[in-house]
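Structure first, commentary second.
In my numbering, the protein residues as written are 61 to 341.
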């Protein structure tokens, strides 16, 4: 929720043309659970050097990465790693890549990084947004411009404190309050945020946003979280419409609330915190 993947993607987009090849492996944690690490190794080879070959084991993949990427100038992003085994499948190639190559890893768990031999000096802990940037992001979602409406300043400040500088919380809660001009509604939502008994700001924010959905929107949200991440939007709409739901309307409302995205290839996407919450419900 602090923006690790967003920042990594921005760096990747800006710098990838400076390298001989580049590859961004999104959400390694989820991908490894759904397929296998050796299939991700194969995907990396294809992304970097267009080598399209099946890899039958992790050990074979490690050897192929070391052999075929020798002295190659690469930019690699391993996003959302949550286990040492995932890094072990890839990091051995760093000794054979050209010395000015870059492997960027994002993770919620610092211990995973240090256990894989990544030194403290190579780890950067991303902090939340400062007060001004938090206000701009929240207000852009809630008011469609980066400043509060007159009379709402104190309420905005309360939400900024409750969201703790986390971009996902700020964006989702701002979208929940979008175009709401009744201060009592803002106060009600603030009270809910302060009363929900969950351990972190991000969990409280996302649960309240989910609770504000109608029944059909909740079902569509849960379908995406559990089954449809990475799937074609039109295929999902056919399933929902076939069940008698208003799929297009429900999906649009989820997008407006910043709970779901549709990428440039028409695939359904969801932040991993939202996905995890949906699967836990």
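Idealized CB from N, CA, C, for every residue including glycine.
Model, not experiment: these values are computed from the prediction.
For residue 63, DSSP assigns no beta-bridge partner whatsoever. Closest in alpha carbon position to residue 248, among 102, 218, 230 and 229, is 218. The way I'd put it, the region 202-221 doesn't touch the region 164-182; fewer than three beta-carbon pairs between them come closer than 8 angstroms.
In the structure shown, the three-state DSSP call for residue 291 is coil. For residue 71, same chain residues with a beta-carbon under 6 angstroms away, outside a window of 5 residues either side, do not exist. DSSP links residue 226 through a beta bridge to no other residue. Taking 8 angstroms as the cut-off, the Cβ atoms of residue 300 and residue 290 do not count as close. Only residues of its own chain outside the window of five on either side were considered, and among them 152, 153, 155 and 156 have a CB closer than 8 angstroms to the CB of residue 126, listed in chain order.
The alpha-carbon of residue 102 is positioned some 23 angstroms away from that of residue 288.
Residue 95 counts as exposed, since fewer than 16 other C-beta atoms from the protein chains shown sit within 10 angstroms of its C-beta. Its chain contains 285 and 289 as the residues whose beta carbon lies nearer than 7 angstroms to that of residue 335, once the 5 sequence neighbours on both sides are disregarded; these appear in chain order. At a Cβ-Cβ threshold of 8 angstroms, residue 195 and residue 220 count as neighbours. With a contact defined as Cβ atoms closer than 8 angstroms, residue 89 and residue 144 miss out at about 12 angstroms.
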